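Visitor: All the letters of the sequence shown, read from the start, carry residue numbers 9 to 198 under this note's numbering. Handing you this structure, nothing more for now.
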Amino acid sequence: MALAQATRDKLVSVGTGRVTAALAKHGLGRQSLAGLRPLSPFQDPLVGPAATAIDACTPGAVLAIESSVTSAPLALLTRRKVAGVVSNSPLRNAAEIARAGLPAWQRPSGTPTKPLPVEAGDILFGDRAGLIVIPAGLADQIAEETVEAMAYEEFVAEQVSAGGGVYGLHIPSGEHARRAFAAWRRMKGR
């Protein structure tokens, strides 16, 4: 399963925090891969469909494994242009992975207590705030909802900055708030 570039761009633009909130609205409140850390705090965001075997990796996929990656498979992953690696164990060849330019997440130490809750095709998304799993088939919808929520947050912030209050705006439940937001979007060309 490929991830559309537009969906990838939307996810990266809003970040894992907002995506986590959108997932919670769908009853998916525990999508964070707790205990895993980025190989580097300066690496690019990691976004792509999970592949749970090296041979299943296609361009843009994220390899999700329980163990480390050695040099030979790393060369294959680089050649296949994967989006990154997520390991439930420490990455023994972290420097080599960093030199390859692959965003990677790892369990920095110790033995994992349970397997990664990731199925092939799920979307893995990691940025400086965290690493989450978006169930396969929901990524487009979640990305769109999150971009919409972010636009509404901008609208409310502008209204408050202009002297308005948040009553009736913070939660877009009333017809007045919906009409005002629609007018704001037209004015902003969104």
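Note that the Cβ used here is the ideal one computed from N, Cα and C, for glycine as well. All of these numbers come straight from a predicted model, not from anything done at the bench.
Tell me which residues share the same chain as M158 and place their Cβ nearer than 7 Å to its Cβ, disregarding the 5 neighbours each side in the sequence.
Guide: Taking the first residue of the sequence shown as 1, we reach residue 158 at position 150. Closer than 7 Å at Cβ, skipping near neighbours: V22 and R26.
Visitor: Exposed or buried, G134, counting other C-beta atoms within 10 Å across all chains shown (16 or more means buried)?
Guide: Looking up residue 134 in the sequence shown gives position 126. G134 comes out buried.
Visitor: Considering only DSSP beta bridges, list what F189 is partnered with.
Guide: By 1-based counting over the sequence shown, the position of residue 189 is 181. DSSP output for F189 lists no bridge partner at all.
Visitor: Name the DSSP bridge partner or partners of V174?
Guide: Taking the sequence shown and counting its residues from 1, the one referred to as residue 174 is at position 166. Note: V174 sits in no beta bridge, so no partner.
Visitor: Between A147 and A10, what straight-line distance do the alpha-carbon atoms span, to the nearest angstrom?
Guide: Looking up residue 147 in the sequence shown gives position 139. Looking up residue 10 in the sequence shown gives position 2. So the two alpha carbons sit approximately 11 Å from each other.
Visitor: For D135, which residues does DSSP report across the bridge?
Guide: Residue mapping note: residue 135 aligns to position 127 of the sequence shown, counting from 1. Answer is G138, bridged to D135.
Visitor: Under the three-state reduction of DSSP, which class applies to R38: helix, strand or coil?
Guide: The residue given as residue 38 occupies position 30 in the sequence shown. Coil, per DSSP.
Visitor: For S79, report the span of its alpha helix (DSSP H) as first-last.
Guide: What you label residue 79 is simply residue 71 of the sequence shown in a count that begins at 1. Looking at the DSSP string, the run of the alpha helix (DSSP H) that includes S79 is S79 to R87.
Visitor: Taking contact to mean at least 3 C-beta pairs separated by less than 8 Å, is the segment 67 to 81 in contact with the segment 93 to 106?
Guide: Contact between the segment 67 to 81 and the segment 93 to 106 is present, because at least three Cβ pairs lie under 8 Å.
Visitor: Assuming the contact rule is C-beta atoms closer than 8 Å, P143 and L36 should be a hit. Round their C-beta distance to whole Å, please.
Guide: Here residue 143 corresponds to residue number 135 of the sequence shown, with the count starting at 1. Here residue 36 corresponds to residue number 28 of the sequence shown, with the count starting at 1. P143 to L36, Cβ: 7 Å. Contact.
Visitor: Please determine, among F189, R136 and G145, the residue with the shortest C-alpha to C-alpha distance to E161.
Guide: By 1-based counting over the sequence shown, the position of residue 161 is 153. Closest option to E161, Cα to Cα, is F189.
Visitor: Please classify L124: does DSSP put it in a helix, a strand, or coil?
Guide: Taking the first residue of the sequence shown as 1, we reach residue 124 at position 116. In this structure, L124 counts as coil in the three-state DSSP scheme.
Visitor: Identify the continuous alpha helix (DSSP H) that holds A21 and give its terminal residues.
Guide: Translated into the one-based positions of the sequence shown, residue 21 becomes position 13. Reading off the sequence shown, one finds Ser at residue 21, where the question assumed Ala. Unbroken alpha helix (DSSP H) run through S21: Q13 to K33.
Visitor: Between which two residues does the beta strand (DSSP E) harbouring I73 extend?
Guide: The sequence position of residue 73 within the sequence shown is 65, counting from 1. That run of the beta strand (DSSP E) goes V70 to I73.
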